[in-house]
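Structure, as structure tokens:
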Amino acid sequence: MEKAHGTGYGIYVAVWAGLLVLTAATVAVSYLDLGLMNVVVALLIASAKASLVALFFMHLKFENRLVWTFALVPIFFLVLIIGGTLSDTLFR
Amino acid sequence: MTEAGRSLGYLEEKGFLSWALTLDHKRIGVLYLLTTLLFFLVGGVFGLLIRIKLMVPGQQIFSDHVYNVLFTLHGSVMIFLFIIPAIPSGLGNFFIPLLIGAKDVAFPRINLASYWIFVAGIGVIVASLVRPMDTGWTFYTPYSAKTAANVTLLSFGIFLVGMSSILTGLNFLVTIHKLRAPGMTWHRLPLFIWGMYSTSVIQVVATPVVGITFLLLAMERLFGIGFFDPSKGGDPLLFQHFFWFYSHPVVYVMILPAMGIISEVVPVFSRKPIFGYKAIAYSSLAIAFIGFFVWGHHMFVSGMSKTANIIFSFLTFFVAVPTAVKVFNWIATMYKGSITFESPMLYALTFIFLFTFGGLTGMFLGALATNVHLHDTYFIVAHFHYTMMGGTVVGFLAGLHYWFPKMTGRMLSEKLARAGWLLTFIGFNVTFLTQFFLGFRGMPRRWAEYPPQFQGLNIVSTVGSWILALGILIMFVNFVRGLYAGKPAPANPWKGLTLEWQAASPPSTENFEAIPVITDWPYGYAKRKPESNE
Amino acid sequence: MSDHPSHAHMDAAQAYEAAKLGIWTFLATEVLLFGGLFTAYIVFRLKFPQMFHEDHFHLNRILGAVNTIVLICSSLTVALGIAAIRKGKQHLLKVYLSLTILLAAVFLGIKYVEWTEKFAHGLFPDTDVFFSLYFVMTGLHGLHVLAGMLVLGGVLVLAGRGKFSEHYSTPVEISGLYWHFVDLVWIYLFPLFYLIG
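Chains as they are written, first to last, in the numbering used here: chain A, 1 to 92; chain B, 93 to 626; chain C, 627 to 823.
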């Protein structure tokens, strides 16, 4: 029941700070006109934030392979439904 | 069991609340079985009415609108209220813990909740019958967004039914991962469990997509959003992509548990170890996986891009491979076995024959050029009845006959079972084989009328449906008779080696007096004799 | 010894691992539920780039950013609450749970302000595809925030009755996982609607 690593409060505050910084960054970048790069940068930053939340707040960094599988498999299928649908809508 | 007075085991406790609020996976399984069997009969009646209408073209037995409602209800009831839940939530709930040596599923309260959510969904669907659906079970937009039928209510009903399916799959995944008896390694699992595991993955991943699809359909009607409406910039094909992303994998939700049952029945009644255990086990996972890549094959003539057409057609053929692996392994299991033909085996052999038939006709549908001619004809109707009825339903019946003694503590009448089986088999083929011919000769599906040249075969098909109905009826008589007057069943009437046969017939509430320790796989028929039980 | 009769068939460690797997499985279903909507977003963004460009200016970037920060803070508070109860600090747990619920309410409050402002400007779900997507996706997300508030509220009530300790905090942890997921979805919704022109 107890995790082998005792989770202190510090790591969470650090992650929180990182999330705030990234949020500020993504808002700031949105005021610049970088064309297509706006989309790329915004999604990259969002994914960085998501990774921080998943790895630390959701503890994924310390979980076993089974939990990782349950976490990543749906992403694969999400990519699949997007890709399959776009193979139609983009090529009509 | 050697008890003098027959123990009723899990059936002992009486009273409505002891059933309505039960946390026992066996009782929940029975509740699901009774509910789904009820809707099998309801859906069957709709099917018989369709066939009566189609005997004579031009005859206004009932209006075209009523006909549209009938085939919509037949499909929706059969698919959502019978075929999807029957084996997983019915037999799966009852037998998964028994087969893996557990006392119950991982989350018994979620299990109970899943049943009542299912019932709630049924209630909402029934409520929508005030203005019943006439869209076909596929609910394609734009018609489903505009028809006067109560699509909104129905959408919520299906959402609830889907939620029940998701919770069942979730429960089974965690149960199989975490509650296996000591020594029950993955490669000692019964093949029904491999099938149910693969099914549960599909339920968890695919069902939410149909959930959002129906939510969006409801919102299109309620709030005028236009994702699927061309006049608002939307795309009707988007509905179809979302719908089929679920509805194709769901046919594997239907078939994988049935295949799992066949993998259990064939070795027992051949008295031989299953041939190619690992191949069959991993083929279940492969079918589940590949099944996610092919949904576009329902949309070849919808206006989808040529690129997508080619990709989906190409990928569709791959799913035949793991399916064929199973069929070859079942046949190899029987080779040089000591085969006996009790009713479970009759149904299992029927499954192999009819499902292979249905699967092979899928080849014509997966190929783009022939699909153009066959889409939306009776060829499709015959194809899916061979696979879903000749496959899943027959597999389900095999499971019911196989496990009836375990669930009820009583034996069925083999005479009645054979009579029911024979009429079902004959009736099924007369009904649906003719529909392949109707299809490639050009008879469209979902039309209340047809050109007169198709009438002959339509009459044949309808007569077949009566023979089929009679066979099913005899089978139900056998079930009811068995419950009240069946001979008391021993713990292991078929001398099977899987764990459920070590529990009493019927099992006690805790399933096992002590959780067994597993040292071997459950298919070693030639090598060891099962414990002789009384 | 299990505290919970419904888990009488599992020991404590098994029950904890099962609960964790169970919630991750549920979150997988949520990924696919929202996934359909993200798919629709991509399809329509590619189809109507001009509409998305013009319409997104109607959204208030600052309010959206504030809401993003609100949710991030709520993820922090729930994580701190779990860390607290792992050390047996029941009172701190209740404080952090209450803060989380409060922040969730703030999020919904800001959402309410945003939505009513849109309606006042004649922007409704049926205005065009961009606003259909905006209202449906933020609406479904908002429903999940509300559900999360109810779940965390239930956990708070149980915490008030002293149900949790350093030995048992499973419901808190699995509720926390759900809550972080709600934050995750917003982390993507925010740039997709408010930031990308």
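Note that the Cβ used here is the ideal one computed from N, Cα and C, for glycine as well. All values derive from a computational prediction rather than experimental measurement.
Self-check item: Same chain only: Cβ atoms within 7 Å of Ser236(B), ignoring 5 sequence neighbours per side
Solution: To locate residue 236(B), count along the second sequence from 1; it is residue 144. The residues are Thr227, Val243, Leu309.
Quiz item: Would you call the CB atoms of Thr655(C) and Val266(B) closer than 9 Å?
Solution: As a position in the third sequence, residue 655(C) is number 29, starting the count at 1. As a position in the second sequence, residue 266(B) is number 174, starting the count at 1. Here Thr655(C) is not near Val266(B), since their CB atoms are 9 Å or more apart.
Quiz item: Should Ser723(C) go down as buried or exposed, given a rule of 16 or more other Cβ atoms within 10 Å for buried?
Solution: By one-based count along the third sequence, residue 723(C) stands at place 97. In the sequence as presented, Ser is not what sits at residue 723(C); that position holds Leu. By the neighbour-count criterion, in which 16 or more other beta carbons inside 10 Å mark a residue as buried, Leu723(C) falls on the buried side.
Quiz item: So what's Glu712(C) in DSSP terms, helix, strand or just coil?
Solution: Numbered from its first residue, the third sequence carries residue 712(C) at position 86. Here residue 712(C) is Arg; the residue named in the question, Glu, does not match the sequence. Here Arg712(C) sits in helix by DSSP.
Quiz item: Quick one: what's got a C-beta closer than 8 Å to His117(B)'s C-beta in the same chain, skipping five residues either side?
Solution: Sequence index remark: in the second sequence, residue 117(B) carries index 25 (1-based). Only Asn185, Phe186, Ile188, Pro189, Asp196, Val197, Pro200, Asn203 meet the Cβ criterion.
Quiz prompt | Inter-residue spacing [alpha-carbon to alpha-carbon] between Val755(C) and Glu312(B) | solution = The sequence position of residue 755(C) within the third sequence is 129, counting from 1. The sequence position of residue 312(B) within the second sequence is 220, counting from 1. For Val755(C) and Glu312(B), the distance between alpha carbons rounds to 11 Å.
Quiz item: Is DSSP giving Pro536(B) helix, strand or coil here?
Solution: One-based indexing of the second sequence puts residue 536(B) at position 444. It is a strand residue.
Practice problem: Please report the Cβ distance between Thr500(B) and Met567(B), rounded to the nearest whole angstrom; I am assuming they are in contact, meaning their Cβ atoms lie under 8 Å. | Solution: Within the second sequence, numbered from 1, the residue matching residue 500(B) stands at position 408. Within the second sequence, numbered from 1, the residue matching residue 567(B) stands at position 475. Between Met567(B) and Thr500(B) the Cβ distance is about 15 Å, and since that is not below 8 Å, they are no contact.
Exercise. Spell out the partners DSSP gives Arg502(B) in its beta bridges.
Key: As a position in the second sequence, residue 502(B) is number 410, starting the count at 1. According to DSSP, Arg502(B) shares a beta bridge with Pro580(B).
Quiz item: Among residues of its own chain, excluding the 5 on either side of Val704(C), which ones have a beta-carbon nearer than 6 Å to its beta-carbon?
Solution: Indexing the third sequence from 1 puts residue 704(C) at position 78. The beta carbon of Val704(C) is closer than 6 Å to those of Thr726, Gly802, Trp805 in its chain, skipping five residues each way along the sequence.
Practice problem: For Thr627(B), write down the residues that DSSP places opposite it in a beta bridge. | Solution: The structure shown does not extend to residue 627(B), since chain B is modelled only from 93 through 626, so no value can be given for it.
Quiz item: Taking one C-beta from the stretch 781 to 789 of chain C and one from the stretch 761 to 771 of chain C each time, how about it: are there three or more such pairs within less than 8 Å?
Solution: These segments do not touch.
Quiz item: Anyone know if the C-beta pair for Phe476(B) and Leu466(B) falls short of 9 Å?
Solution: Locating residue 476(B) in the second sequence gives position 384, counting from the first residue. Locating residue 466(B) in the second sequence gives position 374, counting from the first residue. Contact: no.
Quiz prompt | Neighbouring residues, chain A, relative to Ala178(B) (Cβ below 9 Å) | solution = For the purposes of this step, residue 178(B) is taken as the residue at position 86 of the second sequence. Going along chain A, no residue has its Cβ under 9 Å from Ala178(B), so there is no contact; the nearest lies around 25 Å.
Self-check item: Beta-carbon proximity list for Ser600(B), same chain, < 8 Å, skipping 5 on both sides
Solution: Here residue 600(B) refers to the residue found at position 508 when the second sequence is read from its first residue. These residues qualify, in order along the chain: Ser99, Gly101, Tyr102.
Quiz item: Going by beta carbon distance, what residues of the same chain come within less than 8 Å of Gly639(B), once the five residues before and after it are set aside?
Solution: For chain B, the structure presents residues 93 to 626; residue 639(B) sits outside this window and is missing.
Exercise. Let me know if His717(C) comes out buried or exposed under the rule of 16 or more other beta-carbons within 10 Å of its beta-carbon.
Key: On the third sequence, position 91 is the one that residue 717(C) refers to. Exposed, since its Cβ has fewer than 16 Cβ neighbours within 10 Å.
Exercise. Could you work out which residues of chain C lie near Asp43(A), taking near to mean beta carbons separated by less than 9 Å?
Key: On the first sequence, residue 43(A) is found 43 positions in, with the first residue counted as 1. Reading off the sequence shown, one finds Leu at residue 43(A), where the question assumed Asp. Simply Tyr814, Pro817, Leu818, Ile822.
Quiz prompt | Beta-carbon separation (whole angstroms), Ala731(C) vs Met775(C), contact threshold 8 Å | solution = Translated into positions along the third sequence, residue 731(C) becomes position 105. Translated into positions along the third sequence, residue 775(C) becomes position 149. Right, the Cβ-Cβ distance comes to about 7 Å (below 8 Å), so this counts as a contact.
Self-check item: Residues from the stretch 755 to 770 of chain C in contact with chain B, defined by Cβ distance under 7 Å
Solution: Within the stretch 755 to 770 of chain C, the residues whose Cβ lies closer than 7 Å to some Cβ of chain B are Val755, Ser758, Val762, listed in chain order.
Quiz item: At least one CB of chain C closer than 9 Å to the CB of Gly101(B): is that the case?
Solution: Taking the first residue of the second sequence as position 1, residue 101(B) is located at position 9. Cβ-Cβ to chain C under 9 Å: no for Gly101(B).
Exercise. Would you kindly report the start and end of the unbroken alpha helix (DSSP H) that includes Glu643(C)?
Key: Along the third sequence, read from residue 1 onward, the residue named residue 643(C) stands at position 17. Run containing Glu643(C): 638 to 673, per the alpha helix (DSSP H) assignment.
Exercise. Report the option in Val569(B), Ala561(B), Phe528(B) whose CA atom is closest to the CA atom of Leu549(B).
Key: Residue 549(B) sits at position 457 when you count from the first residue of the second sequence. Ranking Val569(B), Ala561(B), Phe528(B) by Cα distance to Leu549(B) puts Phe528(B) first.
Exercise. Look at the Cβ atom of Phe131(B), then the Cβ atom of Leu183(B), and state whether they are nearer than 9 Å.
Key: Here residue 131(B) refers to the residue found at position 39 of the second sequence. Here residue 183(B) refers to the residue found at position 91 of the second sequence. No Cβ-Cβ contact shorter than 9 Å links Phe131(B) with Leu183(B).
Quiz prompt | Simplified DSSP assignment, three categories, for Arg787(C) | solution = Position 161 of the third sequence, counting from 1, holds the residue named residue 787(C). If DSSP states are grouped into helix, strand and coil, Arg787(C) belongs with coil.
Quiz prompt | Contact set between Met58(A) and chain C, taken where Cβ atoms lie within less than 7 Å | solution = Counting from one through the first sequence, the residue named residue 58(A) turns up at place 58. Within chain C, the residues near Met58(A) are Leu803, His806.
Practice problem: In the DSSP assignment, find the alpha helix (DSSP H) that holds Pro359(B) and state where it starts and stops. | Solution: Looking up residue 359(B) in the second sequence gives position 267. DSSP places Pro359(B) in the uninterrupted alpha helix (DSSP H) bounded by 341 to 362.
Self-check item: Neighbour list for Phe172(B) in chain C, Cβ cutoff strictly below 9 Å
Solution: Residue mapping note: residue 172(B) aligns to position 80 of the second sequence, counting from 1. Among the residues of chain C, none has a CB under 9 Å from the CB of Phe172(B); the nearest is roughly 18 Å distant.
Practice problem: Apply the 10 Å Cβ neighbour rule to Met276(B) and answer buried if 16 or more other Cβ atoms are within range, or exposed otherwise. | Solution: Taking the first residue of the second sequence as 1, we reach residue 276(B) at position 184. Counting Cβ neighbours within 10 Å, Met276(B) comes out buried, since at least 16 surround it.
Quiz item: Taking Cβ positions, are Phe750(C) and Phe319(B) nearer each other than 9 Å?
Solution: Taking the third sequence and counting its residues from 1, the one referred to as residue 750(C) is at position 124. Taking the second sequence and counting its residues from 1, the one referred to as residue 319(B) is at position 227. Contact annotation: Phe750(C) and Phe319(B) have beta-carbon atoms that are not nearer than 9 Å.
Self-check item: Three or more C-beta pairs below 8 Å linking the stretch 538 to 553 of chain B and the stretch 569 to 588 of chain B
Solution: A contact between stretches requires three or more CB pairs, one per stretch, nearer than 8 Å, and the stretch 538 to 553 of chain B fails this requirement with the stretch 569 to 588 of chain B.
Self-check item: Neighbourhood of Leu460(B) by C-beta, 7 Å cutoff - its chain only, sequence neighbours within 5 removed
Solution: Looking up residue 460(B) in the second sequence gives position 368. Cβ within range, chain order: Phe392, Asn401, Ser405.
Quiz item: Would you call the stretch 361 to 379 of chain B and the stretch 40 to 58 of chain A touching, i.e. three or more CB-CB distances under 8 Å?
Solution: No: fewer than three Cβ pairs fall under 8 Å.
Quiz item: Does the Cβ of Arg533(B) have 16 or more other Cβ atoms within 10 Å, making it buried, or fewer, making it exposed?
Solution: For the purposes of this step, residue 533(B) is taken as residue 441 along the second sequence, with counting starting at 1. Classification for Arg533(B): exposed.
Quiz item: With a cut-off of 9 Å, does the C-beta of Ser30(A) fall near any C-beta of chain B?
Solution: Stepping through the first sequence from its first residue, residue 30(A) is reached at position 30. At a cut-off of 9 Å between C-beta atoms, Ser30(A) does not count as an interface residue with respect to chain B.
Quiz item: Looking at the C-beta of Ile727(C), does it have a partner C-beta in chain A at a distance below 9 Å?
Solution: Counting from 1 along the third sequence, the entry for residue 727(C) is found at position 101. Ile727(C) does not count as touching chain A.
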